[in-house]
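Chemist: In our numbering, the protein residues as written are 4 to 202.
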């Protein structure tokens, strides 16, 4: 077997582990990931699974990265070409709500679930979750700031406050979808966003 072929197979195996791990962690939490379970479900040895990451924490961090790639593909990429400011902010909120509505992750927003799981637990995983939220909030603040500068939002709009409120709307929608199975939650979230950003 050539080194190139071997490296490609190793990457495919690693991807398979990550894909299964994301599905499990979305529904059961990052702590729900066990090397034994992954090995059994993927038909691998425990050492074969851990050999791709080195530790459970490294696996959890890799899973966060993979979930981030999915979120970026589902929410950011569709609006990348949208004009900055209010048009992009509206589009981001729509894609964000759609991502929940379509059940991209079986357990709802992966990062909201991870935040609830790790917000009171110091360590590298918590820091990685916080960094993801900081980056996303920063994107919302940036677009809100551009919209305010362009005069597309009411006078006195504070970008940080607006971003805070938009995040609250979508987190409430995630809660309603996941806990209450409320089919009206996405529509309620869209109405709330329109009230903040205009039709």
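Virtual Cβ for every residue (Gly too), placed ideally from N, Cα, C.
Fair warning: this is a prediction, and the values are worked out from it, not measured in the lab.
Quick check: the region 63-71 against the region 43-52, are at least 3 beta-carbon pairs closer than 8 Å?
Modeler: Judged by Cβ distances under 8 Å, the region 43-52 makes no contact with the region 63-71, as fewer than three pairs qualify.
Chemist: Is the distance from the Cβ of residue 33 to the Cβ of residue 97 below 8 Å?
Modeler: Here the question's residue 33 lines up with position 30 in the chain shown. Here the question's residue 97 lines up with position 94 in the chain shown. Their beta carbons are not under 8 Å apart, which means residue 33 does not touch residue 97 by this criterion.
Chemist: Who are the Cβ neighbours of residue 77 in its own chain at under 6 Å, not counting the five residues just before and after it?
Modeler: As a working note, residue 77 is residue 74 in the chain shown. Same-chain partners within the cutoff: 102, 107.
Chemist: How many whole angstroms separate the CB atoms of residue 200 and residue 93, which I take to be in contact at a CB cut-off of 8 Å?
Modeler: Taking the chain shown and counting its residues from 1, the one referred to as residue 200 is at position 197. Taking the chain shown and counting its residues from 1, the one referred to as residue 93 is at position 90. Their Cβ separation, rounded to whole angstroms, is 5 Å, which keeps residue 200 and residue 93 in contact under 8 Å.
Chemist: Considering just the uninterrupted stretch of the alpha helix (DSSP H) at residue 99, what are its terminal residues?
Modeler: Looking up residue 99 in the chain shown gives position 96. Its alpha helix (DSSP H) spans residues 89-104.
Chemist: How about residue 100: is its Cβ closer than 7 Å to a heavy atom in the ligand ATP?
Modeler: Annotation note on the ligand ATP: not contained in the displayed structure, which lists no ligands.
Chemist: Along the chain, which unbroken stretches of the alpha helix (DSSP H) at least 4 residues long are found entirely within the region 23-98?
Modeler: 38-45, 49-53, 59-74
Chemist: Between which two residues does the alpha helix (DSSP H) holding residue 142 run?
Modeler: On the chain shown, residue 142 is found 139 positions in, with the first residue counted as 1. Looking at the DSSP string, the run of the alpha helix (DSSP H) that includes residue 142 is 127-152.
Chemist: Please state whether DSSP places residue 18 in a helix, a strand or coil.
Modeler: For the purposes of this step, residue 18 is taken as residue 15 along the chain shown, with counting starting at 1. Note: residue 18 maps to helix in three-state DSSP.
Chemist: Is residue 171 helix, strand or coil by DSSP?
Modeler: Start at 1 with the first residue of the chain shown, and residue 171 comes out as number 168. Residue state, collapsed to three classes: helix.
Chemist: So what does DSSP say about residue 186, is it helix, strand or coil?
Modeler: Sequence index remark: in the chain shown, residue 186 carries index 183 (1-based). Three-state DSSP puts residue 186 in coil, outside helix and strand.
Chemist: With a Cβ-Cβ cutoff of 8 Å, do residue 195 and residue 172 count as a contact?
Modeler: To locate residue 195, count along the chain shown from 1; it is residue 192. To locate residue 172, count along the chain shown from 1; it is residue 169. Contact: yes.
Chemist: In angstroms with no decimal places, state the Cα-to-Cα distance between residue 20 and residue 150.
Modeler: To locate residue 20, count along the chain shown from 1; it is residue 17. To locate residue 150, count along the chain shown from 1; it is residue 147. Their Cα atoms are separated by approximately 42 Å.
Chemist: Between 130, 152, 167, which lies nearest to residue 60 when the distance is taken from Cα to Cα?
Modeler: On the chain shown, residue 60 is found 57 positions in, with the first residue counted as 1. If we check each option's Cα against that of residue 60, 130 comes out closest.
Chemist: Distance check for residue 191 and residue 13, CA to CA, integer angstroms please.
Modeler: On the chain shown, position 10 is the one that residue 13 refers to. On the chain shown, position 188 is the one that residue 191 refers to. Taking the straight line from one Cα to the other gives about 45 Å.
Chemist: Between which two residues does the alpha helix (DSSP H) harbouring residue 115 extend?
Modeler: Residue numbering aside, residue 115 sits at position 112 when the chain shown is read from its first letter. Note, residue 115: alpha helix (DSSP H), 113-121.
Chemist: Do residue 132 and residue 118 have their C-beta atoms within less than 8 Å of each other?
Modeler: Along the chain shown, read from residue 1 onward, the residue named residue 132 stands at position 129. Along the chain shown, read from residue 1 onward, the residue named residue 118 stands at position 115. Yes; because the gap between Cβ atoms is below 8 Å, this pair is in contact.
Chemist: From residue 168 to residue 58, what does the alpha carbon distance come to, in whole angstroms?
Modeler: As a working note, residue 168 is residue 165 in the chain shown. As a working note, residue 58 is residue 55 in the chain shown. So the two alpha carbons sit approximately 37 Å from each other.
Chemist: In whole angstroms, give me the CA-to-CA distance for residue 144 and residue 50.
Modeler: Position 141 of the chain shown, counted from the first residue, corresponds to residue 144. Position 47 of the chain shown, counted from the first residue, corresponds to residue 50. Taking the straight line joining both Cα atoms gives about 44 Å.
Chemist: Within its chain, find whatever has a CB closer than 8 Å to the CB of residue 42; leave out the 5 residues flanking it on each side and keep chain order.
Modeler: Position 39 of the chain shown, counted from the first residue, corresponds to residue 42. Only 48, 49, 51, 52 meet the Cβ criterion.
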